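J.:
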Amino acid sequence: MSGQTDMVLVDDNGIRIDGRTADQHRPIKIEAGVLSNADGSAYVEIGKNKVLAAVYGPRECHPRHLQNPSKAIIQCKYNMEAFSVSDRKRPGPDRRSVEISKITAEALEKVVLTELYPRASIDVYIEIMQANAGTRCAGLTAASVALADAGIPMRDIIPAIAAGKADGHVLLDLNKEEDNYGEADVPMAIIPSTDEIVLLQMDGNMTREEFDRAVSMGVAACHEVYELQKDALKRRYTAKEKEDDSDE
Amino acid sequence: MERKNARPAREVVVPGDVLDDSGLKSGDNTYVLDGRIHASVLGVKNVFQNSVSVIPLSGRYMPTTGDTVIGVIEDIGPSNWLVNINAPYPAPLHVSEVPWKVEFGDTSRYLNLGHVVMLKILMVDESKKIQVTMNDSGLRRLEGGRIVEIPYSKVSRVIGKSGSMIQTIKNLTDCRIFVGQNGRIWVDGDGENTDVAVQAIEIIGRESQSNNLTERVKEFIGSKLPQAENDEEEE
Numbered sequence: 000m001s002g003q004t005d006m007v008l009v010d011d012n013g014i015r016i017d018g019r020t021a022d023q024h025r026p027i028k029i030e031a032g033v034l035s036n037a038d039g040s041a042y043v044e045i046g047k048n049k050v051l052a053a054v055y056g057p058r059e060c061h062p063r064h065l066q067n068p069s070k071a072i073i074q075c076k077y078n079m080e081a082f083s084v085s086d087r088k089r090p091g092p093d094r095r096s097v098e099i100s101k102i103t104a105e106a107l108e109k110v111v112l113t114e115l116y117p118r119a120s121i122d123v124y125i126e127i128m129q130a131n132a133g134t135r136c137a138g139l140t141a142a143s144v145a146l147a148d149a150g151i152p153m154r155d156i157i158p159a160i161a162a163g164k165a166d167g168h169v170l171l172d173l174n175k176e177e178d179n180y181g182e183a184d185v186p187m188a189i190i191p192s193t194d195e196i197v198l199l200q201m202d203g204n205m206t207r208e209e210f211d212r213a214v215s216m217g218v219a220a221c222h223e224v225y226e227l228q229k230d231a232l233k234r235r236y237t238a239k240e241k242e243d244d245s246d247e
Numbered sequence: 000m001e002r003k004n005a006r007p008a009r010e011v012v013v014p015g016d017v018l019d020d021s022g023l024k025s026g027d028n029t030y031v032l033d034g035r036i037h038a039s040v041l042g043v044k045n046v047f048q049n050s051v052s053v054i055p056l057s058g059r060y061m062p063t064t065g066d067t068v069i070g071v072i073e074d075i076g077p078s079n080w081l082v083n084i085n086a087p088y089p090a091p092l093h094v095s096e097v098p099w100k101v102e103f104g105d106t107s108r109y110l111n112l113g114h115v116v117m118l119k120i121l122m123v124d125e126s127k128k129i130q131v132t133m134n135d136s137g138l139r140r141l142e143g144g145r146i147v148e149i150p151y152s153k154v155s156r157v158i159g160k161s162g163s164m165i166q167t168i169k170n171l172t173d174c175r176i177f178v179g180q181n182g183r184i185w186v187d188g189d190g191e192n193t194d195v196a197v198q199a200i201e202i203i204g205r206e207s208q209s210n211n212l213t214e215r216v217k218e219f220i221g222s223k224l225p226q227a228e229n230d231e232e233e234e
């Protein structure tokens, strides 16, 4: 958003530097249940983003003063590995990761049936192994698959994706170059069954019309991500069955 | 029993999936939105009589009144013990709920950190406060033996239809086995037999999805303990 470049982000035919059209998302790969010691886990690749999410709980809430006697709390920790970006990232929580942890936890609270587990805590850990713009969406996508994998009761699974603007075009799922040299970035997450928006941010400037375009593009793409999430969860159990069948 | 009914159309559902909009009743692990029943956990859809529910495939054990569970003593107070029963909440065991007469402050003489006990859930209230007891037949401290942990949702498969699976394992390995509803299973027997029983239970925990589970477990035990099958036939 801040940088300047003479790179052509969108060519005359409307094709972007990685060959996508304006409303195409990057290739997405989702896998559920990748960690054996977590109650639930997921691995997500969106383009060059590589994200691991782990869920523990519901378990006793520590520190005790955070306990809520009427519902469970969701504690989320978003962490970027030092090697996740081209310049080494200084490890540890910073302003940005604290913000992302907070908005992720708040988005997840909207779907998890927290009132079933008073005084408990559900801990979500998101580790960004490799970052290439759009990690908060990848993180949230992974976290909600991990929550479902952990068997935690929830209303729906949350898919998330970003839209934005670069080179004067409204684009879906910005990559690193488009994010750095573009004009705006709008990450969003929805509850697919009701189309409620649970996360929406905007960095940069857009006109009202461009913003509306970006949101409708994002919502449509979220439904695509949602299908991949469901598929990943179902695959985890049906794949096993097939294996067994071939044994017999 | 439930599982048998679910078998013909064993459909894996994820949270948010629409289960029914034709007027069935909503059962366990479902919620209703705009007159449609949605699943709230990852599990297997189960239609029984006129209600639809979801049998979870994973998740944490939630204590229910009357469950028999296996717990580990985690903390000792002057008049109670805190027991870890694999639930999101610790279970306090009060001195009045044990079969011994315990003086105030004398709790550690009877049960100490790390000791394993069979308990019954007396009560779980609205705010999920748990009360457990050891004052019932068959409840006691478990000494020796080994503990296997499996997902609690697989406990019914370990027991099997009217106890057939657990009986098979007991007969073939000659072990004493107690199953806690919280997914902890205590096994005690002679040397190699215990190992085999533990491995058999682990197989059930891992492969509970597959058909002919009892047969496969029998086969497994037979291959590890060749003499066991003969024993059973003699009986």
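Going line by line, the protein sequences match chains A and B. The numbers in numbering that gives the first Met the number 0 rise by one with no breaks, and the one at position 18 of the first sequence is 17. The numbers in numbering that gives the first Met the number 0 rise by one with no breaks, and the one at position 151 of the second sequence is 150. In this text, a Cβ means the ideal position worked out from N, Cα and C, and glycines have one as well. Here the structure is a predicted model, which is why all the values come from computation and not from measurement.
For F177(B), which beta-bridge partners are listed by DSSP?
T.: W185(B)
J.: Are the beta-carbon atoms belonging to V50(A) and I102(A) less than 7 Å from one another?
T.: no
J.: Is it the case that the Cβ atoms of A149(A) and D230(A) are separated by a distance below 7 Å?
T.: no
J.: Name the residue from P91(B), E96(B) and R35(B) whose alpha carbon lies nearest to the alpha carbon of N134(B).
T.: E96(B)
J.: Hey, quick one: how far does the beta strand (DSSP E) through R19(A) stretch, first residue to last?
T.: No beta strand (DSSP E) contains R19(A), which DSSP labels as neither H nor E.
J.: Is the separation between the beta-carbon of A147(A) and that of P14(B) shorter than 7 Å?
T.: yes
J.: What does the Cβ neighbour count give for G2(A), buried or exposed, with the cut at 16 atoms within 10 Å?
T.: exposed
J.: By Cβ distance, which residues of its chain are closer than 6 Å to T113(A), with the 5 residues on each side in sequence left out?
T.: K70 and A71
J.: If you follow the beta strand (DSSP E) that D122(A) is part of, which residue opens it and which one closes it?
T.: A119 to Q129
J.: Go through its chain and collect everything with a Cβ distance to L232(A)'s Cβ below 7 Å, but skip five positions before and after it.
T.: A31, V144, A147 and D148
J.: Classify F47(B) as helix, strand or coil using the three-state DSSP reduction.
T.: strand
J.: Identify which residue in K175(A), P57(A), I157(A) and D211(A) has its Cα closest to the Cα of V224(A).
T.: I157(A)
J.: At a cut of 8 Å, does the stretch 12-26 of chain B reach the stretch 163-170 of chain A through at least three beta carbon pairs?
T.: no
J.: At a Cβ threshold of 7 Å, is I156(A) touching chain B?
T.: At a cut-off of 7 Å between C-beta atoms, I156(A) counts as an interface residue with respect to chain B.
J.: Specify the secondary structure class of H61(A) as computed by DSSP and reduced to three states.
T.: Residue state, collapsed to three classes: coil.
J.: Is M248(A) near D22(A), with beta carbons less than 7 Å apart?
T.: Because chain A is modelled from 0 through 247, residue 248(A) falls outside the range shown and cannot be assessed.
J.: So, with DSSP's three-state summary, where would you put D184(A)?
T.: strand
J.: Quick check on the burial criterion: 16 or more other C-beta atoms within 10 angstroms. Buried or exposed for E232(B)?
T.: Any reading at E232(B) needs caution, since the residue's pLDDT is 49, under 50, leaving its predicted position unreliable; the model's value is listed next. Its Cβ having fewer than 16 others within 10 Å, E232(B) is exposed.
J.: When every heavy atom of the ligand ATP is checked, does at least one fall within less than 6 Å of the C-beta of N28(B)?
T.: Among the components modelled here there is no ligand, and therefore nothing to report on the ligand ATP.
J.: Can you give me the start and stop residues for the alpha helix (DSSP H) that D194(B) sits inside?
T.: G190 to E206
J.: If you draw a straight line from the alpha carbon of E44(A) to that of Y151(B), how long is it in whole angstroms?
T.: 31 Å
J.: Could you check if H24(A) is buried or exposed, using at least 16 other CB atoms within 10 Å of its CB as the buried criterion?
T.: H24(A) should be labelled buried.
J.: How far does the beta strand (DSSP E) with L171(A) in it extend, from its first residue to its last?
T.: H168 to L171
J.: Indicate the three-state DSSP secondary structure (helix, strand or coil) for Y236(A) in the structure shown.
T.: Assigned with DSSP and collapsed to three states, Y236(A) falls in helix.
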